[in-house]
Structure formats: C-alpha cells, structure tokens
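Before any comments, here is the structure.
There are 2 protein chains.
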Amino acid sequence: MERLGTGGSGGGSGREGGEGVGFRPLYRQVHDTLLRRLAEGVWQPGQILPSEGELARELGVSQGTVRKALDALTADSLLVRRQGRGTFVAEHDDKQSVFRFFKLRSEAGGEAAPESRVLARAEAPASVDERDRLGLVRQARVVRIERLRALDGRVCLIEAIALPASLFPGIAALDLPNTLYSLYANRFGLTIAVARERLRAVALSAREAGHLGAAPGSPALEIDRVAFDLDERPVEWRLSTCLTEHVHYQSILR
Amino acid sequence: MERLGTGGSGGGSGREGGEGVGFRPLYRQVHDTLLRRLAEGVWQPGQILPSEGELARELGVSQGTVRKALDALTADSLLVRRQGRGTFVAEHDDKQSVFRFFKLRSEAGGEAAPESRVLARAEAPASVDERDRLGLVRQARVVRIERLRALDGRVCLIEAIALPASLFPGIAALDLPNTLYSLYANRFGLTIAVARERLRAVALSAREAGHLGAAPGSPALEIDRVAFDLDERPVEWRLSTCLTEHVHYQSILR
DNA sequence: TAGTGGTCTAGACCACTCC
DNA sequence: GAGTGGTCTAGACCACTAA
C-alpha cells in the first residue's frame, strides 16, 4: 500500500507536502510511480496490470486520476489498453511496431519488415564518440555490432551499433533477432522509450559501397541515432548508412 | 445553438442516431465541430474562444466533455490554453514555433531562425509531379516559388515550392515573409495541420551546386514535403535540397 | 472579486470479453 | 453474469489572470 499526496475523499486537488516550488498534480505522481515500476520490471512486457479500481484503492486516489495517468502511459506506447480485458505492458516485437523506430519505407510502399545479417560483433574499450553519445566514463567498454539490412529483398543499409557492455552482459554470445529492441526488453530489462535521430547526406566509402553494391562516393543517408530507456539513460548508439534509391525516410510532422 | 448526440442530463453515454456501424463518442463530435469551425475561420488565429462553460451550454454537453475535445485540439497545436485567461487559436508565427515544421539544426546548436532569399516566382500549368503531390486536375495551375535559405549565416538549402493557384489568389504579387505558413493562415485562411516529409540522399546538380557554393555531385539531403490543411487537403509541395556539412535534420521518435 | 482553465472526486451507464 | 476499460455527467476546490 502506497498512498500519494493528501489522497482521501471529497473534492479539492490536495497539494503535496512542502510549501515552496514543487507542485505536482496527483495524476502526475501516479504516472511517475507507475513508470518507475515499469522501469524496475515489476510488470513484464505482455503482462496485465491491476485494474483501474485496484490501482486507485492501492494508491489512495480516485479511479479518474489513475485513468489519466494510464492514458498518458498508453499515449507514450508503454501500455496497451483493451476494453473488456485489461491494461497490459506493451510488447514491441509485433509486426506493426517494428516501424515505431524504423522510418525507412520502400518506394513500392510494401510494408515488409526489414531483414538483417550480422557482419561482426566485438567488445572493446569505448571510443571518444561512443563515450560521448552514451555518456560513458573513460574506462568503459562497449559491445559493437555491425549489420547489413534489406528491405523488399534489396540490401540498402549498413549499420554500426554500440552498446554499453555493463548494461548488456553476455550479449556478444547471444543469437541476435531481427528486432533488437525486444531483446533489450526481454533479456536485459531495458525498454526503449525515446530515440533522437540526426540525419545527414554523406558519400559512401569504398568499404560501405562494397557491402551495399554501389559505387564509392555515391550519396547516402546517414542516420545517427541515440536511444534512451525509461530512465532517460542513453542505452544504444546506432549509426546507419543507407542507399536511398528505392527507399526513403518518412517523417510525419504535426 | 447546436446540440450534439442525445445530450441531456444524467448518466449514460448516449448513442447518436442510426443503428448500424457508426458510433462516435460525444467528445469526438465536439472535437470535429470545433475543428470545422477552425477550418472555416470562425475564430481567427490569436483570437479567444468561448469558455468551456459557454461551449458546453451551447453544445448541450457537460464541461468535462468539452474539455476533452479542447485538450485534443491543444495536443495537435491548434489551440493554446492559458490558465486564468482562456483558450486561444494558436498562432504559428512565433519564434519558437518556426521550428515546428523546420527540422534542420545547426551543428553549433544555435537556435537562430533561418533566413530566406527568393530567387524566382512564377505561375504556370501544373506539372505531372505537382498534380500528383497536390491532388490537382489536369488543367490546374500552380504558383512556383524558389528560395535560398541560410542557417547561422551560411547558405545551406535551396527549395522549390508549388502552390495550387486557385487556393492562393494573388500570392505571386505579395511580399513573401520568411515563414510562409503564417502568410497562408493570415492572408488565405489556410492553416497547416500536418506535413509528410520524405528524405533521400542525392547528388547536387551543377545548378544547385552553384547556388549553394559547393562542388557538383556533392551529397545533399533532399526533403520532399507535402503540407495539409485542417481539411486534410494537400496545400503545398516543397522540395528542399540541403547541404549537411554544418547542419543536420533532427527527428525525435517515441 | 469575478472569470478562466486545471485538478480531483464520485457515480452512472455503455461496450466488450470471458466464463 | 462478472469484470474490465470507455464515456459522460455533476460538482467541488485550486491556481492564475485581470480588472
């Protein structure tokens, strides 16, 4: 049992303790409490959460307040709600949610999932760039993965992935699935919540050109992605170089 | 006075008319009603809307239902709500909201707004590509605008804009501001609600290279944007070609 | 002081799922 | 039929703004 704010019955919003700066709405406190539990793995992906009523009683708030927090977590794709069944921790290995972080689309418009082939894997001391992107200390080590990926049967992308070795113990020895983020969640308890991508146009190096079957110097799209977990820690750095002859990067702005 | 659904007092959600497929929640009907009014220009950008209570009485629903609709419109950046003051139609000519649709960022991280210089303007029959992107009929005409844009004082981008001439009467004779979308809203009553961007890497043509001060064949980022108004009509096609030596395209994925 | 949006509660009924 | 989330209402009090 863990009560929040002033709780209790009757109207009023009920300020939390303290008197100065800090005022967080109750629904925000509930949101953060549930988010912390998700980050700690109290509920695993695919598992069902207690019902709105149970959570409300446990936390000492009204059902409407719990609902508002659950709605926010659902909007962030961390939960899935199904009428008549319950509220579940989102699983991101589904066909459709592969495309949550994968913005490349075939010109043909086919919704085929990308295939992957691992070229290399190794553990090594982190480079300066890797320490910078991942917020690592000087002595830190990383696991590096290099892959080729194909869309619609056409190889179009080569990507270099760097992971903090301390967060992914033993990953170098595992079979790597096509969608790494479900592996991160299921094996290492790390849920990717946000990613920041920076795109540039570059000329292919001779080595990249060889792997992609293109001429050296050809223009290519470089995608520099840092992915963050529920605690907003940088967890993965991924540098992708992509041929965009039959493929483009799609972005919807609102 | 315009009432929605079954309205009235007491509990119950109240289904709308008909018996078969269609069921739209009341708050959704309110949302659509308000959206239609915005699209029709009933309230101009910057103007205040009636209060929650007034809207609730007018539409014959509870204040909570109106609130839910207003919150959704606020989340879509169409409204701005200010505690103690009221609800306003969003204005998108502010400094910070220039970056709503402009995703290029200087490597230096400076938040300086981009500058523009118009190279050419003309009206002409729509090309096949323009008809395709803008959903135009065979005889339609477009206004074309070509601009150079600079970030941090460095020219980095050349863009070709195509507008349906029927939607923008007389735009060829106007002074063009740096941020076109506020002009679209204020002079032509067209609010841009969504844009779809497709990014590719291309090699600079000799002409583009000349304008951008780079070598022909240099890799550049091509941004193909179609912008839609509140009625989801395609309203602008913009093809930008950008040097990404000191600039990148930033995207946040959730 | 009056009016606005923001938060919180309590309770009703509906739609869906499963037993 | 029991239990879940989804919708809707009514009413209270708080925080902020402006006159």
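As they're listed, the protein sequences go chains A and B. Each residue of the first sequence is one higher than the last, beginning at 171 in my numbering. Each residue of the second sequence is one higher than the last, beginning at 171 in my numbering. A virtual CB, placed ideally from N, CA and C, is assigned to each residue, including glycine.
When rounded, the separation of the alpha-carbon atoms in A:LEU337 and A:CYS412 is 28 Å. Near chain B, meaning a CB-to-CB distance below 7 Å, the residues of the region 370-388 of chain A are ARG370, ALA371, VAL372 and ALA373. Between A:ALA290 and A:ARG311, the C-beta spacing is not below 8 Å.
Here the C-alpha atom of B:ARG252 lies approximately 35 Å from the C-alpha atom of B:PRO339. With fewer than 16 other Cβ atoms inside 10 Å of its own Cβ, A:HIS416 counts as exposed.
A distance below 8 Å separates the beta carbons of A:LEU219 and A:GLY256. Distance from the CA atom of B:GLU277 to the CA atom of B:GLY305, rounded to whole angstroms, is 36 Å.
Nearest to A:GLU378 by C-alpha distance, out of A:CYS326, A:ARG368, A:LEU321 and A:SER352, is A:CYS326. In this structure A:PRO386 is exposed. Its beta-carbon is surrounded by fewer than 16 other beta-carbon atoms within 10 angstroms.
Here B:LEU369 is near A:LEU391, since their CB atoms are less than 8 Å apart.
For B:GLN233, the enclosing alpha helix (DSSP H) stretches over residues 233-245. In the three-state reduction of the DSSP assignment, A:ALA226 falls in the helix class, which pools H, G and I. Going by beta carbons, B:ILE362 and B:VAL405 fall inside the 8 Å limit. By DSSP's assignment, B:TYR354 forms no beta bridge with any residue.
Look at B:ALA226: its C-beta is not under 8 Å from any C-beta on chain A. Residue burial annotation: B:LEU333 is buried, with at least 16 other C-beta atoms found within 10 angstroms of its C-beta. Chain B places no beta carbon closer than 8 Å to that of A:ALA290, leaving this residue out of the contacts. Assignment of alpha helix (DSSP H) within the region 244-329 of chain A, counting only whole runs of 4 or more residues, yields 298-304 in chain order. For B:GLN309, the closest C-alpha among the options B:PRO284, B:ALA373, B:ALA294 and B:SER247 is that of B:ALA294. The beta-carbon of A:VAL236 is placed no less than 8 Å from the nearest beta-carbon of chain B. In the three-state reduction of the DSSP assignment, A:HIS201 falls in the helix class, which pools H, G and I. Interface flag for A:GLU402 against chain B is unset, since no Cβ pair is found closer than 8 Å. Judged by their CB atoms, B:GLN217 and B:PHE258 are nearer to each other than the 8 Å cut-off. DSSP lists B:ILE328 and B:GLU392 as the bridge partner or partners of B:THR411. Secondary-structure assignment with DSSP links B:ALA365 through a beta bridge to A:LEU423 and B:ALA397.
Take the alpha-carbon of A:PRO215 and the one of A:GLU228: they are about 22 Å apart. DSSP places B:ALA371 within a strand segment (E or B) once states are collapsed to three. Taking C-beta atoms as the reference points, A:SER410 and A:LYS273 fail to come closer than 8 Å. In the DSSP secondary-structure assignment, A:ILE218 is bridged to A:PHE258. Scanning chain A for C-beta atoms nearer than 7 Å to the C-beta of B:THR414 yields ARG370 and ALA371, reported in chain order. Excluding five sequence positions before and after B:ALA330, the CB atoms of its chain that fall closer than 6 Å to its own CB belong to GLU316 and LEU409, given in chain order. Here DSSP, grouped into helix, strand and coil, assigns A:GLU402 to coil.
Contact residues of the region 340-367 of chain A toward chain B are ALA363, VAL364, ALA365, ARG366 and GLU367 (C-beta to C-beta distance below 8 Å).
The beta carbon of A:ILE331 sits no closer than 8 Å to any beta carbon of chain B. If you draw a straight line from the Cα of A:LEU374 to the Cα of A:SER388, it comes to about 5 Å.
Selection B:PRO347, B:ASP399, B:TRP407 and B:VAL236 evaluated against A:ARG424 yields B:ASP399 as nearest (Cα-Cα).
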